Every structure is written in structure tokens, then in C-alpha cells.
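*Asks:* Here's a structure for you.
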Amino acid sequence: MSSDRLDVLDTHGRPTRVSTRVGEFEPKLLLDGEHDLCPGCGEPVAIRLLLEVIEELGYAQDSIGVIGIGCYTAFTGLIDVDLIQALHGRAPSVATGAKRMRPDKLLFTLQGDGDMVNEGLQEVIHTAARGESVTCVLLNNGVFGETGGHMTATTALGQRTKTSLEGRDADYHGYPIPIAELLVPLGGVSYVARGSVADAKSVVRTKAMLRKAFEAQIAGEGFSLVEILTMCPTGWFIPTADGPGYLDEVLGEVHAAGELVVGGKPVGKGASG
Amino acid sequence: MAHRGCRAMTLVETRGTIRIDSERCKGCELCIPACPPRVLRMSEGRNTRGARVPELLAGCTGCSACLLVCPDFCIEVYQYAEPVMLEAVNASESGSGDNEVTA
Amino acid sequence: MTRTLMEGSEAIATAAVAAGCRFFAGYPMTPFTEVLENFGKRLPAVGGVCINAESEIEAIGMTWGALATGARAATGSTGQGLALMQESLSEITRAELPLVVFHMARGQGDYYQATRGGGHGDYRHIVYAPIDVREAVELTELAFDRADHWRNPVQIYGDYLLAHTSEGVEFTADPFVPVAKDWAVDGSLGGSGRSRNINPIGMQKGSKSIDPESFWKRLQVKHDQIEASEARFESESTEDAELLVVAFGSVARFVRHVVRELRSEGRKVGYARPISLWPFPAEALAAAARGTQRVAVLEQNAGQMIDDVRLSVLGSVPVVGIGGISSDSAGFGMGPLLDTRVIRGRIESALENLEVST
Ligand SMILES: Cc1ncc(C[n+]2csc(CCOP(=O)(O)OP(=O)(O)O)c2C)c(N)n1
Ligand code: SF4
Ligand code: SF4
Ligand code: SF4
Ligand SMILES: [Mg+2]
């Protein structure tokens, strides 16, 4: 497909001018950049960051990932890291068993809000409290995306889902659970942060959070969690272009971005990463 | 090209460029507002998926913001060794630059 | 090799550690609790790990992770705890991980659970039901071996009596040699394009979709092979028996004793015991039942194994149940049936009924 508009530059091939490539299509640790997630989905953006950080830390050959069940599960076939596919909600325990047998490896989980905060809430809490040296990565879009946009434990008040058609009502549906805040008082927790992929600045900050979380694991400081707010235009029933704005206004209101625990010590909510 | 002179023409400093895998693109438009100098816009035409795809105008800084937000890994970013001045149509109406990103 | 006096739960944990088990996770529940305690005592001493998990669901999840790295690992519980684990028990079979499960049941009412499973989909576990502590030690060693061989879970079905009886046991002197597992994840193939994927839904690396049908069919072939080759069986005095008494696990120990007693008195009674509950030793049992007038199943439940006995003899001999539900007041399954006089009474009346009906 080519444009006949005069002002459009050719972006098909490599540039002919002397230049340096500063960013590649897909991260090195993906077998294939083509995937079947929806247009405008935030999950692949977060997965890119995760894989880039593992690569940049030099742990590509020393990492074991445990993948939960949600839309991101489609990446189990694409991520070029040794993986264990867990059942819905069960990744933190699986990561625990693997880490205890291979303490020299970097262990991470990749889970959604439905997976971690609904089905497997007690898993992540106990894993944190045991101070397991694993890094849990939560892709929080406030819905069960995979099943078609249903309410999860992180769905914001007022948010419309297929099981909260008039918007989440505290009296009827109960309140959202801010999982990152919930882990703050636990001993054993070394690093907790919440990022987002709503815009490029947030993406850059979130990548720094992932790096810190893994560095805490490598330093043997205990449990770490990075929660990443991701767009789900399909499950939010909005146009893709409205995703970032909706994320900030609806999910971001309940789940504020920032670092919550650094070096095992709680830091002020909303501090930038 | 006779009609060229009818448009406002400016020379824009261009420090980088991108490659777009237009067949991978799903047309989500997330890259458009992400671009600080606003040198991306959606095409009129569609790829074989049926999606409009981004088009690059003069003035790219090679900042990677578009790549960072793209969910479909369609963008590769290059920085030129030397900035070049490229002709742009209506380029002066591009963004304010307040989205500047340092990766 | 020296004989040591040990309680069943301790003997099992000792045998497991000797067989190379280096990870155990469990949640206390009578009569399984002491198995957990003994792993907790023994594993740290050999560089292993035992975790008192927050629930049975997490216990099997942790074991899943340990197994995926190639370690020999086990979990366990009683029937209730195993009921909680069912999703993982069936899916871990599809992930083809060599799990060993120590099931110390409250009686024999969990036969269906052990052999049919309460989980989803088509899956099978090898199930061994030791008759005594000595055999539990042997079967524990065998369980780890068979689990690795088939990359399939193996369950040891015991009970209160097995876990809490002390017997003289011997352990193999051969040190455990770790088994090479090229499928296990150690991180090393990351970035190579050939990274590993321990996956219960049949998802392959490099592919976005799954092919459940061919994946499940491949597992079915494996389970058919296990069924054809792994059945274990014991029998005595079947040649001229008119009545064949079938029992499993601890109860079989009482039955075997009573049958020996009756034989010494000249009664034409035989004894048969499936050592493996799955695969069920159908052919061996059918052969033992040939020529008898009746098969009596003595199990401590409302009648579960009797289904498999009937499926084995396929109508060639009448099959009757002479056991039944029997428990102590706590529900631990230590009921009045576990008494040789009671069992002798049941077998004698089965013999008398035989005379009446012939
Ligand atoms: C035990 C169990 N219950 C329900 C499901 C169905 N299920 C599959 S994905 C999913 C939701 C996943 O939600 P989340 O983790 O938030 O991921 P997302 O799809 O939003 O990326 C559910 C409920 C399941 N796979 N297993
Ligand atoms: S449903 Fe939502 S989370 Fe799932 S792929 Fe689509 S946009 Fe992403
Ligand atoms: S690299 Fe930066 S300036 Fe160039 S198109 Fe992308 S976002 Fe715009
Ligand atoms: S962000 Fe990516 S997928 Fe979306 S329109 Fe831009 S190039 Fe296409
Ligand atoms: Mg979700």
C-alpha cells in the first residue's frame, strides 16, 4: 500500500541517509512480532518492556517465566524464554516452586487482573509475604479481556462491563481491590510499583520499574511486583484511540501510578518512578 | 508538479525517520497522538487487513515515542547522523513538542 | 541394608528423599499431616525444600513449578485436599510432569477419586495402594521411577493405618542418580529460538494457536500404553478356590490374614489384591476368578472398586460386596471393619451363602 500524497515520506525500507537504528520492531526475545491481540491492546506494549529488560539485564539465558491465563497467554507461544504455562491464578505458586529449585534463575510471572487479583489473590499475597525472590508482573486492564469484558476485582467504580452493565456500583458489586497497595505492609516485599502504557512517558517509566523489580530479585531482596495498567478497548467497549484517555481517567483514578515500595521500604503513594 | 506551489511549503529540520511494517499495523491510531512533533497521521488507504496505517511527514526526531506505544510492533526508529531539512506541506501546524520523550 | 522401625509417614518421606525427591509442599490434614512433617524434617538436611503451603491448591502449584525445573517433587493430602487440587491434578497430567502424590485417605471412600479423578478432561494417574509400610517404601521408590518414565503423575493411596503403623523397613542403599530431563526449564534456551514451554494446553513455541485434539490423542496413546504395561497384582490360594475375596490397601492386609487362616482350616477361599488401582489388573483378576463360584469384594466404602472387579470378570462369575462404610467417630476411617474377627465373619458368611446357593 503506498500513498500518493506528496508530503508523505517513504517508510517502507531502511533509510538511505547515514543513520543509526535506535529502536527495533519487536523485542529480541519474541519469536514473532505478529500476534492476535486486538488493535489498541496495551498488553503487547507491556510484554515488550518485560522482554527488553530481561535482555538488557543479560538474563535471556537465565530466566524462567510463568504465564497466567488471559489474553496475554497467546504470547506463551511467542516469547523466546523458557516458560511454564500455569493455570488461571496459579502462577505465583508455580514460580515459587521453580525458584526454590533454581534460585540462580530470574523468575517472573505474567498475569492479568482477573488472574492475579480474582482467581489467585491469595497466591500473590502469600508469595509476597513469604518474600519469595520472584517478580510478579500484573497487566491490569480492569476486566476479564479474554472472556469478553467482564468485571474483575480491579474494575473501577462506575466502569461498565458485561457484568456491571450500568457501571460498577459499590453497593451491588463491591469495591475494587488496589493490589499494589495491599502488598505494601507485608514483610518480604522489596519492590512494588504501578506503571502504565497509556503514553510514551509512562511506558519509559514502567520499563524503569521493571528493571528495578528485577534488580531487587537479582540482589536477593525478596518479592517484587510491577503492576502495569493496560488498555483494553475491546473489553471497555470504546474506540482504540480513546483507550489511553479512558485508562487515565477511569482505571488510573483508582490505581494511581507510582512506586509504593522501594528497597523494602514503603514510599509515598504516587511518587514517580 | 504543478499544484505543489499552491500549498504552504516549509523546510523542516528532520533528525530521524521510522520504518513502518504497514501490513502488521492494525490501525489503532495510538502512535498518532504519541508523536511529539505530530509528524504522523493516518492514511486514507487501507492495508490488506483493512486498517488505515500511519504515514510519516517531515520533522521526525527519531524519539521512538511511536514505537513505544505501538501494540503491534510495526515501527522501527532511526536517527540520522546529520539533521536534514525536508520540505513539508503544512508542517508548521504540527504539534507543540510538549510530549517530548527521553527514552 | 539395615532394618529400621518406622512409622508409615516417616518411612514414606524417607523413601522419597532416598529416591531423590527434593521438594515437597503440603497443607496439614489428618491422617496425612505426619507425611508433611517428615518431609519438613528431612528435606532441608539434603538441600531440599519443604513448604507448608497456604492451601492444597498452592501446594500443588508449587510442586508444579519444582517439577518443571526437572526436580523430583511431591505433594499430598487426604481426599478433601485432593478434591481442592483437582484442576491442577488433571492439567499437570497434560503438562506431562512427573508428580508423585501421597494420598493418606480417611478410609477407602476415595477409590473413585483416586482412580477416576475429579478433574476435567481425559487424564489418568497411576495409583498404587500399598498393603503395609514395607510395601509403601517400595512403591514410593517405584512411584518416582514410573512418574519420570512416563512423565505422568503417580499417586500412593494410603490411609490412617498405613501412615501411623510402625514397621521394620529397609531402604535401598543405592544412591539416587538424577535423571536427565531435556524438557525441563532451566532458562538456558532463552533467546535461542528453541526455548522450552511446559504447557498443559498443548501450546507449542512458535505457534499462536493450539491443537487440542491431536494433543489429547497423543496423551491417550500414552495412557493406553501405561494401562497395558503397569498393572500390579497379588493373589494367593486361587487355584481351587470357590470364593475369591478381593481387597486393596490396608484392608487387604486383614483379608489376606483371614484367608490364610481359613485356608489352613481347609476352606476353599482365595485372595486377590490389585496393587495398582489404575491401571486396574483386570486380566490377572479375571484369571484368578476363573473357576471360582463367586467373587467377594471387601472394601471399606459403599462399593467402589467393585465396579472395576465386575468390569474385569465381565459377568463370568457373580460379584458381591461384603465390605461397607466403617469409621471411627472422628471420620478418619479407623472403623470396626478393620478387625480380623469382623472380616472373618464376613468371609465366612459369603462362604455359607455359596453353599446355600449351590
Ligand atoms: C479456573 C478458570 N476459570 C475461568 C477461566 C476462564 N478465563 C480465561 S481467561 C479469563 C480472564 C482473564 O482475565 P485477565 O487475567 O484479567 O486477563 P485479560 O484477558 O484481561 O488479559 C478467564 C476468566 C479459566 N481459564 N480458568
Ligand atoms: S480483549 Fe482486551 S486485553 Fe484482550 S486482546 Fe483485546 S484489547 Fe487486549
Ligand atoms: S520517532 Fe518520534 S518523532 Fe519520529 S514519528 Fe515516531 S514519535 Fe514521531
Ligand atoms: S500504533 Fe502501531 S498498530 Fe497502531 S496505528 Fe500506529 S503503527 Fe498501527
Ligand atoms: Mg484483565
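Chain order of the listed sequences is A, Y and B. Residue 1 is where the first sequence starts when you use my numbering, and the numbers rise one by one after that. Residue 1 is where the second sequence starts when you use my numbering, and the numbers rise one by one after that. Residue 1 is where the third sequence starts when you use my numbering, and the numbers rise one by one after that. We put the CB at the ideal spot given by N, CA and C, even for glycine. None of the values given here were measured: they were computed from a predicted structure.
#1: Curious, which full-length alpha helix (DSSP H) runs of at least 4 residues does the segment 97-157 of chain B contain?
#2: State yes or no: is the beta carbon of Val69/Y nearer than 8 Å to at least one beta carbon in chain A?
#3: Using a Cβ cut-off of 7 Å, which residues of the segment 66-79 of chain A contact any Cβ in chain Y, in chain order?
#4: If you draw a straight line from the alpha carbon of Glu253/A to that of Ala156/A, how long is it in whole angstroms?
#5: Determine, for Asp62/A, whether the minimum Cβ-Cβ distance to residues of chain Y falls below 8 Å.
#6: Any residue with its C-beta under 7 Å from a non-hydrogen atom of ligand 5 counts. Can you list them all in chain order?
#7: Taking the alpha carbon of Leu87/A as the point to measure from, which residue in Glu58/B, Ala180/B and Arg124/B has its own alpha carbon closest?
#8: What does Gln111/A pair with, by DSSP beta-bridge criteria?
#9: Starting from the beta carbon of Leu21/A, find every residue of chain Y whose beta carbon is closer than 8 Å, and list them in chain order.
#10: Listing by chain order, which chain A residues have their CB less than 7 Å from the CB of Gly191/B?
#11: Between Ala65/Y and Pro36/Y, how many whole angstroms is the CB-CB distance? I'm expecting something under 8 Å.
#12: Could you give the distance in angstroms between the alpha-carbon of Ala95/A and the alpha-carbon of Thr109/A?
#13: Please state whether DSSP places Cys21/B in a helix, a strand or coil.
#14: The beta strand (DSSP E) that contains Leu225/A, what's its start and end?
#15: If you follow the alpha helix (DSSP H) that Ser196/A is part of, which residue opens it and which one closes it?
#16: In terms of residue numbering, what span does the beta strand (DSSP E) encompassing Glu166/A cover?
#17: Which residues in the same chain as Arg90/A place their Cβ atom closer than 7 Å to its Cβ, once the five residues preceding and following it in sequence are excluded?
#18: DSSP beta-bridge partners for Trp278/B?
#19: Suppose the cutoff is 6 Å on Cβ atoms and the five residues either side in sequence are ignored; what does the same chain contact list for Ala73/B look like?
#20: Is the segment 91-101 of chain B touching the segment 124-135 of chain A in the sense that three or more CB pairs, one from each, lie closer than 8 Å?
#21: Let me check you understand the geometry: is the CB of Gly65/A closer than 7 Å to at least one non-hydrogen atom of ligand 1?
#22: Roughly how many whole angstroms lie between the Cα atoms of Leu138/A and Asp72/Y?
#23: What separation, rounded to the nearest whole angstrom, lies between the Cα atoms of Gly268/A and Asn197/B?
#24: Just checking: is the beta-carbon of Thr93/B within a distance shorter than 8 Å of some beta-carbon in chain A?
#25: Mind checking whether the beta-carbon of His149/B lies closer than 7 Å to any heavy atom of ligand 1?
#26: Per the contact definition of three or more C-beta pairs closer than 8 Å, is the segment 303-314 of chain B in contact with the segment 249-268 of chain B?
#27: So with CB distances below 7 Å, who are the chain B contacts of Met231/A?
#28: Would you say the segment 203-212 of chain A touches the segment 159-174 of chain A, given that touching needs at least three Cβ pairs under 8 Å?
#29: Of all the CB atoms in chain A, is at least one closer than 8 Å to the CB of Gly50/Y?
#30: Which of the three DSSP states, helix, strand or coil, is assigned to Glu181/A?
#31: In this structure, does DSSP put Ser94/Y in helix, strand or coil?
#32: Which two residues bound the contiguous beta strand (DSSP E) that contains Leu40/Y?
#33: Between the segment 234-251 of chain B and the segment 155-171 of chain B, do three or more beta carbon pairs fall short of 8 Å?
#34: Determine the DSSP secondary structure at Leu5/B, reduced to helix, strand or coil.
#35: Taking DSSP as the reference, what is the three-state secondary structure of Gly5/Y?
#36: Between the Cα of Ser22/Y and the Cα atoms of Arg21/A, Thr161/A and Asp10/A, which residue gives the shortest distance?
*Replies:* Judging by the given coordinates:
#1: Correct list: 111-115 and 133-150.
#2: Closer than 8 Å: yes.
#3: none
#4: 8 Å
#5: Not an interface residue.
#6: Gly70/A, Gly112/A, Asp113/A, Gly114/A, Leu139/A, Asn140/A, Asn141/A, Gly142/A, Val143/A, Phe144/A, Gly145/A, Thr152/A and Cys232/A
#7: Glu58/B
#8: Leu138/A
#9: Here residue 21/A is Arg; the residue named in the question, Leu, does not match the sequence. What Arg21/A touches in chain Y: Glu76, Val77 and Tyr78.
#10: For Gly191/B, the residues of chain A that pass the 7 Å Cβ criterion are Lys28, Leu29, Ala60, Gln61 and Asp80, in the order they occur in the chain.
#11: Their Cβ separation, rounded to whole angstroms, is 6 Å, which keeps Ala65/Y and Pro36/Y in contact under 8 Å.
#12: 7 Å
#13: strand
#14: Phe223 to Leu229
#15: Segment Val189 to Ser196 is the beta strand (DSSP E) holding Ser196/A; no alpha helix (DSSP H) there.
#16: Per DSSP, Glu166/A belongs to no beta strand (DSSP E) and is neither H nor E.
#17: Gly120 and Glu123
#18: As a beta-bridge residue in DSSP terms, Trp278/B pairs with Val127/B.
#19: Phe23, Thr63, Ala66 and Leu67
#20: In this structure the segment 124-135 of chain A does not lie against the segment 91-101 of chain B, because fewer than three pairs of beta carbons, one per stretch, are closer than 8 Å.
#21: no
#22: Computed Cα separation, rounded: 20 Å.
#23: When only Cα atoms are considered, Gly268/A and Asn197/B end up about 39 Å apart.
#24: no
#25: His149/B: no, Cβ never under 7 Å from ligand 1.
#26: no
#27: Simply none; closest approach about 21 Å.
#28: no
#29: no
#30: helix
#31: Caution is warranted here: a pLDDT of 40 is assigned to Ser94/Y, below 50, making its placement in the model unreliable, and no coordinate value can be reported.
#32: Leu40 to Arg46
#33: yes
#34: strand
#35: A caution first: Gly5/Y carries a pLDDT of 43, below 50, which makes its placement in the model too unreliable to give a value.
#36: For Ser22/Y, the nearest C-alpha among the options comes from Asp10/A.
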